[in-house]
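First the structure, in the form of structure tokens, and then the observations on it.
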Amino acid sequence: MKKKIKILIADDISLSGLKYISKKNFTVKKLFNKTNKEILSAGLFFNVIVIKSSRLTDDTFIRNSGVEVIATCSKGIDHIDGDSAKKNNVKIINSDNGNYISTGEHTFALILSIAKQMKTSEKKIREGNFIDRKYPRYELYGKKIGVIGVGKVGGYVVRLAKAFGMQVLANDIDRKVIKKYSGLRFVPLEYLLKNSDIVTLHIPLNKKNENFLSRDRLYLLRKQAVLINTSRGKIVDEITLISLLKRKKIFYAGIDVFESEPYINRNFLHLDNVVLTNHIAGKTLESKERTSCEIFRKIKEYYKK
Numbered sequence: 298m299k300k301k302i303k304i305l306i307a308d309d310i311s312l313s314g315l316k317y318i319s320k321k322n323f324t325v326k327k328l329f330n331k332t333n334k335e336i337l338s339a340g341l342f343f344n345v346i347v348i349k350s351s352r353l354t355d356d357t358f359i360r361n362s363g364v365e366v367i368a369t370c371s372k373g374i375d376h377i378d379g380d381s382a383k384k385n386n387v388k389i390i391n392s393d394n395g396n397y398i399s400t401g402e403h404t405f406a407l408i409l410s411i412a413k414q415m416k417t418s419e420k421k422i423r424e425g426n427f428i429d430r431k432y433p434r435y436e437l438y439g440k441k442i443g444v445i446g447v448g449k450v451g452g453y454v455v456r457l458a459k460a461f462g463m464q465v466l467a468n469d470i471d472r473k474v475i476k477k478y479s480g481l482r483f484v485p486l487e488y489l490l491k492n493s494d495i496v497t498l499h500i501p502l503n504k505k506n507e508n509f510l511s512r513d514r515l516y517l518l519r520k521q522a523v524l525i526n527t528s529r530g531k532i533v534d535e536i537t538l539i540s541l542l543k544r545k546k547i548f549y550a551g552i553d554v555f556e557s558e559p560y561i562n563r564n565f566l567h568l569d570n571v572v573l574t575n576h577i578a579g580k581t582l583e584s585k586e587r588t589s590c591e592i593f594r595k596i597k598e599y600y601k602k
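Numbering of the sequence shown is given in the working numbering, commencing with residue 298 and proceeding in unit increments.
Next up, the structure:
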């Protein structure tokens, strides 16, 4: 490494990974809570910028910052203008392994909350109505769970589902994934949607997957079905989903991600058959540290070339 690489940490992340960065070869500056415009206005020079998924990194910033590497502490990279990065020879580094356990666990937290009706039960207690148990609860054992996307997160969800004794229906377009999980029952998407008690999404947001669960596909879900989304909001047609929930055409939904974060469709708030969380599925103390370590190791490896 001939030159000293300058790293700007633009968001409040775990700094655990800095142990992988040599002071001899790298300098690190932390500049939290500044907008992209403010960072550009400061006239800073840096080779690498480290960000979180909440920071939208557009063409204007990429072209004017002179950055060589954008390192995002997330698996998803849909918040970065990939076309601009490619055009300007900017390397995108993400975390494949940092938060898959946390996201998988959160997926099951939503599933269990719905199956055991935690929200309803707590409400009864708070209202002083302890003896009212006349609301449906069910076991996961033997139920069919449809896992769309069997990557890191989806694969971990499959492991958890099997531990609960569930029947797994899987769907993925990657032949390497299908070969890796040869013991799984892979089925066409339409079959999965029509036959699953629970459908959970674990696919990336890209141009192809935007509105993946469209109106027509959502209408394939069974009346007793549960939909879980810990992936990305724009993958699901929210208007249709809200309509189906409101008319009890599907049983329940557990939603961690939304189309226009941080502003969500307020019609969700008027539904009694949805559990909402604020995009926290992959964000735990452990996942933040694991992600930080992975990101800074990858930065180090990139500049070794």
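All C-beta atoms, glycine included, are put in the ideal place defined by N, C-alpha and C.
- Your pair Arg-529 and Asp-375 checks out as a contact, with CB atoms roughly 6 Å apart and the cut at 8 Å.
- Looking at the backbone, the Cα of Asn-492 and that of Leu-524 are separated by about 13 Å.
- Less than 7 Å separates the beta-carbon of Val-450 from that of His-499.
- Selection Asp-569, Ala-578, Ser-557, Val-484 evaluated against Lys-543 yields Asp-569 as nearest (Cα-Cα).
- In the same chain as Ala-578, and ignoring 5 residues on each side of it, the C-beta atoms closer than 6 Å to its own belong to Thr-400, His-403, Thr-527, Asp-553, in chain order.
- Boundaries of the alpha helix (DSSP H) harbouring Lys-597: 582-599, taken from the DSSP string.
- Excluding the 5 residues flanking it on each side, Leu-353 has same chain C-beta neighbours closer than 7 Å at His-376, in chain order.
- Taking C-beta atoms as the reference points, Val-345 and Ile-306 fail to come closer than 7 Å.
- Gly-379 and Ile-536 have their C-alpha atoms roughly 28 Å apart.
- Shown here, Val-450 sits in a helix according to DSSP, grouped into three states.
- Inter-residue distance for Leu-409 and Asp-308 is about 33 Å (C-alpha atoms, whole angstroms).
- Distance from the CA atom of Lys-531 to the CA atom of Phe-509, rounded to whole angstroms, is 8 Å.
- With a minimum length of 3 residues, the unbroken runs of beta strand (DSSP E) contained wholly in the stretch 480-508 fall at 495-498.
- If you check the CB distance, Ser-392 and Thr-581 do not come in under 7 Å.
- Closest in alpha carbon position to Lys-384, among Arg-360, Leu-407, Phe-405, is Arg-360.
- Across the structure, Leu-573 and Gly-551 are spaced so that their CA atoms are roughly 6 Å apart.
- The Cβ atoms of Gly-363 and Phe-593 do not sit closer than 7 Å to each other.
- For the pair Val-447 and Tyr-478, the CB atoms are nearer than the 7 Å cut-off.
- In this structure, DSSP gives Phe-323 an extended state, which the three-state scheme calls strand.
- For Thr-537, no beta strand (DSSP E) run applies; the uninterrupted alpha helix (DSSP H) run containing it begins and ends at 535-543, by DSSP.
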